[in-house]
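Down below is the structure, laid out as structure tokens.
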Amino acid sequence: MINGVATLSSASSSTRGSAAVQFLLCLLGGKSWDACVNSYRNALAQNAGVYSFNLTLSYNPITTTCKPDDLLITLDSIPVSQLPATGNKATINSKQGDIILRCKNLLGQQNQTSRKMQVYLSSSDLLAGSNTILKGAENNGVGFMLESNGSPVTFLNITDNSKGYTNLKEIAAKSKLTDTTVSIPITASYYVYDTNKVKSGALEATALINVKYD
Numbered sequence: 003m004i005n006g007v008a009t010l011s012s013a014s015s016s017t018r019g020s021a022a023v024q025f026l027l028c029l030l031g032g033k034s035w036d037a038c039v040n041s042y043r044n045a046l047a048q049n050a051g052v053y054s055f056n057l058t059l060s061y062n063p064i065t066t067t068c069k070p071d072d073l074l075i076t077l078d079s080i081p082v083s084q085l086p087a088t089g090n091k092a093t094i095n096s097k098q099g100d101i102i103l104r105c106k107n108l109l110g111q112q113n114q115t116s117r118k119m120q121v122y123l124s125s126s127d128l129l130a131g132s133n134t135i136l137k138g139a140e141n142n143g144v145g146f147m148l149e150s151n152g153s154p155v156t157f158l159n160i161t162d163n164s165k166g167y168t169n170l171k172e173i174a175a176k177s178k179l180t181d182t183t184v185s186i187p188i189t190a191s192y193y194v195y196d197t198n199k200v201k202s203g204a205l206e207a208t209a210l211i212n213v214k215y216d
């Protein structure tokens with residue numbers, strides 16, 4: 003709150019001018035705002051009435067947030083006989099899903115973002131020595147690979163806090179969004195990491211969708 007930011011007085015113009023000069027000299031002399039305001043009021047009040055008002059300023063910044071929806075990608079079953087050799091992605095039964103971000107607190111009628119955002123994936127279900135293959139809980143030689151724009155997605159490894167990851171989407175500050183939702187397509191495929199361990203059964207792996215703000 004700023005004290006005495008507005009003052010009404012019935013003092014003459016010369017008295018007001020003299021009081022204003024004293025007020026400025028008071029501030030330049032290093033005294034506090036409140037002390038100089040009181041001195042100014044006293045100068046005006048010598049020959050007239052004085053009424054002053056305080057001003058309260060508050061600032062609530064609008065901060066854009068984009069929250070991801072949960073995403074489940076379920077691949078169709080694949081015969082063991084159609085799985086590729088070790089170190090290869092299956093060329094059949096891949097499936098695409100869309101990461102959906104729901105954004106709030108956009109600025110103005112043009113839906114501008116207030117800050118920079120980056121979207122990436124992290125997981126603790128990664129194959130040892132790899133940041134691109136989701137292994138899952140079952141050690142049966144088959145996992146999953148996710149791709150974005152035709153390239154394998156690199157995950158942030160939660161277990162060892164590795165720093166490398168694929169930036170799936172970057173939205174600069176003050177970007178204009180045509181909609182409050184942002185869609186990021188991603189493709190999941192089977193990946194064989196050890197043909198000697200391949201066996202039939204259900205597979206499952208998880209990853210986290212992260213939004214980093216700057």
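If you read the sequence shown in this note's numbering, its first letter stands for residue 3, the second for the next number, and so on.
Idealized CB from N, CA, C, for every residue including glycine.
Where the alpha helix (DSSP H) through residue i begins and ends
{"i": "Ala-45", "result": "35 to 47"}
Limits of the unbroken beta strand (DSSP E) element including residue i
{"i": "Val-213", "result": "210 to 215"}
{"i": "Gly-19", "result": "No beta strand (DSSP E) contains Gly-19, which is instead part of the alpha helix (DSSP H) from 15 to 30."}
{"i": "Ser-124", "result": "119 to 125"}
{"i": "Leu-148", "result": "144 to 150"}
{"i": "Thr-183", "result": "183 to 194"}
{"i": "Gln-1", "result": "The displayed coordinates of the chain run from 3 to 216. Any statement about residue 1 would go beyond what the structure contains."}
{"i": "Ile-1", "result": "Because the chain spans 3 through 216 in this model, residue 1 falls outside it and cannot be assessed."}
{"i": "Glu-172", "result": "171 to 173"}
{"i": "Lys-178", "result": "Note, Lys-178: premise wrong, no beta strand (DSSP E); not H, not E."}
{"i": "Lys-69", "result": "67 to 70"}
Euclidean distance between Cα positions of residue i and residue j
{"i": "Ser-20", "j": "Ser-177", "result": "51 Å"}
{"i": "Gly-34", "j": "Ala-209", "result": "Residue identity differs from the one stated: residue 34 is Ser in this sequence, not Gly. Rounded to whole angstroms, Ser-34 to Ala-209 spans 56 Å at the Cα level."}
{"i": "Asn-141", "j": "Ala-87", "result": "16 Å"}
{"i": "Gly-166", "j": "Thr-156", "result": "7 Å"}
{"i": "Ile-160", "j": "Asn-40", "result": "60 Å"}
{"i": "Met-3", "j": "Thr-58", "result": "Confidence is the limiting factor: at Met-3 the pLDDT is only 43, short of 50, which leaves the residue's position unreliable, though a coordinate-based value still follows. Cα-Cα distance, rounded: 4 Å."}
{"i": "Ser-15", "j": "Thr-115", "result": "49 Å"}
{"i": "Gly-31", "j": "Phe-25", "result": "10 Å"}
{"i": "Lys-214", "j": "Ala-175", "result": "12 Å"}
Beta-carbon proximity of residue i to residue j, cut-off 8 Å
{"i": "Ser-124", "j": "Leu-158", "result": "yes"}
{"i": "Asn-95", "j": "Ile-75", "result": "no"}
{"i": "Ser-191", "j": "Met-147", "result": "yes"}
{"i": "Gly-145", "j": "Ile-135", "result": "yes"}
{"i": "Glu-149", "j": "Thr-189", "result": "yes"}
{"i": "Thr-102", "j": "Pro-63", "result": "In the sequence under discussion, the amino acid at residue 102 is Ile, which differs from the Thr named in the question. No."}
heavy atom of the ligand NAD below 7 Å from residue i C-beta
{"i": "Gly-152", "result": "The ligand NAD is absent from the structure shown, which contains no ligand whatsoever."}
Nearest-angstrom beta carbon gap, residue j and residue i [assumed within contact, 8 Å]
{"i": "Asn-163", "j": "Gln-120", "result": "Actually they are not in contact, since the Cβ atoms of Asn-163 and Gln-120 sit about 17 Å apart, beyond 8 Å."}
{"i": "Asp-100", "j": "Ile-186", "result": "7 Å"}
{"i": "Val-200", "j": "Val-82", "result": "6 Å"}
### Message
Quick test of the definition: if touching needs 3 or more C-beta pairs under 8 Å, does the stretch 178 to 195 touch the stretch 102 to 115?
### Response
yes
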